[in-house]
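Undergrad: Okay, handing you the structure first.
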Amino acid sequence: MNAEVKMMRTAAETQYSDALAALPGAEPVRALREKALRLFAEKGLPHRRVEEWKYTDLRVLLREMAPLAGKPDAAALAEAKKCDVLANVGAREITFVNGAFVAGLSNLKGLEKGLTISTLGDALKNDATLPQLLAGLNPGKYDAVFALNTAALNDGVVIDVAAGAQVTKPIHIRHIVTGTKPVSVFGRAVVKVGKKAQATILQSHAGPDAVAYQTNTILQLSVADDAELDVVRVQAEGDKAIHLSMMIGAIGTDSRFKSFALTTGAAVSRHTVPFAYSGRNARALISGATLLRGKQHADMTLEVDHALPGGESRELFKTVLDDESRGVFQGLIVVRPDAQKTDGRMMSAALLLGENAEMDNKPELEIFADDVQCAHGATTGALDDDLLFYLRARGIPKKDAESLLIQSFFGEAIENIENEKIRDAVMKRAGHWLAARG
Amino acid sequence: MALLEVKDLHARVEEKEILRGLDLKVNAGEVHAIMGPNGSGKSTLSYVLAGKDDYEVTGGSATLDGEDLLVLEPDERAAKGLFLAFQYPIEIPGVASMTFLRTAVNSVRKKRGEEELSTPDFLRLVRERAKELNIKDDMLKRPVNVGFSGGEKKRNEILQMALLEPKMCVLDETDSGLDIDALKIVADGVNRLRAKNRGFLVITHYQRLLDHIVPDVVHVMARGKIVRTGGPELAHELEAKGYAGYENAA
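For the record, the sequence lines run as chains A and B. Position 378 (the first sequence) corresponds to 1065 in our numbering; numbering is contiguous. Position 20 (the second sequence) corresponds to 1246 in our numbering; numbering is contiguous.
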């Protein structure tokens, strides 16, 4: 007798399979899509008995799939034009509205030497190796978000920074959802940074409040030897949205990588970061600040994989939880047998403002090499009464005193953004969140 | 009318009664010292006046300029003109000193119906006051009190006092942890702030601070109340004889 219990397919699972199978799409990725769809049909959405999804049960949270978004019309474009997330930071913008690339809201003129930006369709025509990259970095592993995103591969962007190119102007990939009806939106962005090249990528997600739309976006990064990449991401989806996303990274020998993620939006969000050290002596800082209120649920899951020696990794995440919100941090650092002299330090700190807020912190180390330095820490606490009293005794009203302390708490993570304009813009957004505290 | 008037004040912390009927009157322009053995309730008095949570007033009253202090929030008390210089100033990592000072000054000005200071005006004011207290720019660039020495923290308290222009200053063991040079700087800072319309309550265990901040009135506190009041000579008497006679008084 087969001991494996076959779970019933949920309505959402059937809807995904049907909708995505019917999608038209580029020929080179057809096989990829069909394989992903088959895999999804077999394995389905994860639930709480799947370890990596213990705190974010997609089977429960995603009851139904919203219909696939149509091509954006004039009204959608007009609405998207008003989006101001990470605006005015001097970046080159690449805009997707409801999943579709919109040339009119993008700036592809005067590309710097060595910089190529193509739509996924065009890139597939010119780059025979792309399907392999799109297939993922760890083909042995099943991830429902990745499988669905691959099954839906249609529009997207490929940013290629040639070896030696120094692209100082940040490139901002914007994912904007519009309208008043729930839709499903998919997106894929690929960034390849060549040897000794340097670039800064921004990614933002925004959409209307009060609409239960669903987004699934993946950012794939490959950083070659001696290259440098900075990534700043702002997730400011509407308050009823379900946001599923991944940042998949692989960094080469002597490369340097820095990322920061601000999360304030969506009713439910899950951001997974599979991150591989595919070269020696690479350094990475992966950081973020998550600010939640109401009944928001945000899950940040890192899987940092050191396969080669000399890697340095720093992970710093700050989560502020007001009202009845729930934060999840899962951070896994794997140090493989060859990854001697790895230096890894991971910290997740949560500040509980609401009495019914909850934080699930799960840092993990899996170390198979013997000469390594690895540490992780996780803290959860409330605002310090003594600090509050000190500030209030100086005439600062309670709310303002709290704001100062909360800002200093998440500010420590935001400070890691090197570009001053971007840092200020992120700080300002976080400031809006604070100002909206009831 | 006295500037600060405390009548029959009773207060407790976690069921333990610490202030047991304390009476005190400080007029504008006067400097009063409260001395007393450890555990007599000196710091509790300062916290109760400033409005710290966990300190429960069970009886009596405290007024500033005739206004009931005990019903006000800590920040409202500060705006009304009460200032507590902490015995142990707290480090606030992540909050820049300048941001803290500007927020404090402008919060208080706003509540007093005064215009908020512009950034240049504020910077000028801070630099001026900081210079008098030998506080270097470098200190102001750090987060509040983080990495400050004991002396620097106390000087920073006096800087805040100077900037907030209070009516009534309560100094809780400001001399603790200070060497003689730091003590002089702090005392000079306080003396510069002495004014006809301002009162001081200097809480100290030792007489040496009172050589530099000469009080008009000295009180002895024991077991939660004032048990003796006299002139500056009382401080010298305590220094010579100790608190032996007061441990079990009241």
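Backbone N, C-alpha and C define an ideal beta-carbon position, used for all residues, glycine too.
Using a Cβ-Cβ cutoff of less than 6 Å, which residues in the same chain neighbour I863(A) once the five nearest sequence positions on both sides are dropped?
TA: If we look at I863(A) and ignore the five residues flanking it on each side, its Cβ neighbours are A767, C770, V784, A893.
Undergrad: Any idea which residues DSSP pairs F783(A) with across the strands?
TA: According to DSSP, which records beta bridges pairwise, F783(A) is partnered with F788(A), H862(A).
Undergrad: Whose C-beta lies closer than 6 Å to the C-beta of F962(A) among residues of the same chain, with five residues either side of it excluded?
TA: Closer than 6 Å at Cβ, skipping near neighbours: G936, V991.
Undergrad: Residues in its own chain within less than 8 Å of D1234(B) by CB, not counting five upstream and five downstream?
TA: G1247, L1248, D1249, G1285, G1286, S1287.
Undergrad: Going by DSSP, name the residue or residues bridged to S891(A).
TA: Paired residue(s): R861(A), V921(A).
Undergrad: Between the Cα of A1037(A) and the Cα atoms of L1052(A), Q1060(A), D1071(A), which residue gives the shortest distance?
TA: Ranking L1052(A), Q1060(A), D1071(A) by Cα distance to A1037(A) puts D1071(A) first.
Undergrad: Measure the beta-carbon distance from A1388(B) to R1081(A) and round it to whole angstroms, keeping in mind my assumption that it falls under 8 Å.
TA: The pair is not a contact, with the Cβ atoms about 13 Å apart (cut-off 8 Å).
Undergrad: Look at the Cβ atom of L1074(A), then the Cβ atom of I1318(B), and state whether they are nearer than 7 Å.
TA: In contact: L1074(A) and I1318(B) (Cβ atoms closer than 7 Å).
Undergrad: How big is the Cα-Cα spacing for A1356(B) and W740(A)?
TA: About 54 Å.
Undergrad: Helix or strand or just coil, what does DSSP make of M688(A)?
TA: The predicted model places M688(A) with a pLDDT of 48, which falls under 50 and marks its position as unreliable; any figure quoted below should be read in that light. Three-state result, M688(A): coil.
Undergrad: Give the DSSP-derived three-state secondary structure of A1475(B) in the structure shown.
TA: Residue placement at A1475(B) cannot be trusted, given a pLDDT of 46 that sits under 50; what the coordinates show is reported in the next sentence. A1475(B) falls in the coil class under three-state DSSP.
Undergrad: Please state whether the Cβ-Cβ distance between P895(A) and A753(A) is less than 7 Å.
TA: Cβ distance not < 7 Å, so P895(A) and A753(A) don't count as in contact.
Undergrad: Leaving out five residues before and five after E1053(A) in sequence, what residues of the same chain have Cβ atoms less than 6 Å from its Cβ?
TA: Within the same chain, E1053(A) has close Cβ partners V1021.
Undergrad: Locate the beta strand (DSSP E) running through V880(A), then write down its first and last residues.
TA: Per DSSP, V880(A) belongs to the beta strand (DSSP E) from 871-880.
Undergrad: Please check the pair A884(A) and G998(A), which I expect to be a contact at CB under 8 Å, by giving their CB distance rounded to whole angstroms.
TA: Wrong, their Cβ atoms sit about 20 Å apart, outside the cutoff.
Undergrad: Expressed to the nearest angstrom, what Euclidean distance is found between the alpha-carbon atoms of H930(A) and G791(A)?
TA: Approximately 25 Å, taken between the alpha carbons.
Undergrad: Residue range of the alpha helix (DSSP H) that N836(A) falls in?
TA: Segment 831-838, the alpha helix (DSSP H) holding N836(A).
Undergrad: Please compile the residues from chain A whose C-beta is within a distance smaller than 7 Å of the C-beta of S1323(B).
TA: Residues of chain A passing the Cβ test: none, with the nearest at roughly 12 Å.
Undergrad: Which partner residues does L1248(B) have in the DSSP bridge list?
TA: Its beta-bridge partners are L1235(B).
Undergrad: I'd like the list of long-range same chain contacts for W1120(A), defined as Cβ closer than 7 Å, with 5 residues on each side in sequence excluded.
TA: Taken in chain order, the residues that qualify are T951, L978.
Undergrad: Report the start-end ranges of each beta strand (DSSP E) in the stretch 971-1029 of chain A that is 3 residues or longer and not cut off at the edges.
TA: Runs of the beta strand (DSSP E) inside the stretch 971-1029 of chain A: 984-993, 999-1008, 1013-1022.
Undergrad: Looking only at DSSP bridge pairs, what is Q1060(A) linked to?
TA: For Q1060(A), which the question treats as bridged, DSSP gives the partners D1030(A).
Undergrad: Do you know whose CA, among V1453(B), L1366(B), G1265(B), F1326(B), lies nearest D1087(A)'s CA?
TA: Of the candidates V1453(B), L1366(B), G1265(B), F1326(B), the one whose C-alpha sits nearest the C-alpha of D1087(A) is F1326(B).
Undergrad: Answer with yes or no whether the minimum CB distance from K1278(B) to chain A is below 7 Å.
TA: Answer yes: the Cβ-Cβ gap between K1278(B) and chain A drops below 7 Å somewhere.
Undergrad: Just checking my contact of G757(A) with D842(A) at CB under 8 Å: how many whole Å lie between their CB atoms?
TA: Contact doesn't hold; Cβ gap of about 13 Å is too wide.
Undergrad: Excluding five sequence neighbours on each side, which residues of the same chain lie with their C-beta closer than 7 Å to the C-beta of A1475(B)?
TA: Caution is warranted here: a pLDDT of 46 is assigned to A1475(B), below 50, making its placement in the model unreliable, and the coordinate value is therefore given only provisionally. Within the same chain, A1475(B) has close Cβ partners A1448, R1449, V1453.
Undergrad: Grab the span of the beta strand (DSSP E) containing K1049(A) for me, first residue to last.
TA: Taken as a continuous stretch (DSSP letters only), the beta strand (DSSP E) holding K1049(A) covers 1045-1054.
Undergrad: Of the residues that make up the stretch 1067-1079 of chain A, which ones have a beta carbon closer than 7 Å to any beta carbon in chain B?
TA: Result list: D1072, D1073, L1074, F1076, Y1077, R1079.
Undergrad: Give the interface partners of S1269(B) over in chain A, defined as CB-CB distance under 7 Å, in chain order.
TA: Within 7 Å Cβ-Cβ: nothing; S1269(B) doesn't reach chain A, min ~13 Å.
Undergrad: With a Cβ-Cβ cutoff of 7 Å, do F944(A) and A834(A) count as a contact?
TA: No, the Cβ-Cβ distance between F944(A) and A834(A) is not below 7 Å.
Undergrad: Could you check the C-alpha separation between S1402(B) and E1002(A) for me, to the nearest Å?
TA: Approximately 40 Å between the Cα atoms of the pair.
Undergrad: Who are the neighbours of V1183(B) on chain A, taking C-beta pairs under 7 Å?
TA: Chain B is shown from 1227 up to 1476; residue 1183(B) falls before or after that span and cannot be answered.
Undergrad: Closest Cβ-Cβ distance between I1429(B) and chain A: below 7 Å?
TA: By this cut-off, I1429(B) is not an interface position.
Undergrad: Please confirm whether A1300(B) has its beta-carbon closer than 7 Å to some beta-carbon of chain A.
TA: Residue identity differs from the one stated: residue 1300(B) is Pro in this sequence, not Ala. So yes, P1300(B) belongs to the interface.
Undergrad: What three-state label does DSSP hand V955(A) in the structure shown?
TA: V955(A) falls in the strand class under three-state DSSP.
Undergrad: Look at S1323(B) and L1366(B) and say whether their C-beta atoms are less than 7 Å apart.
TA: Yes; because the gap between Cβ atoms is below 7 Å, this pair is in contact.
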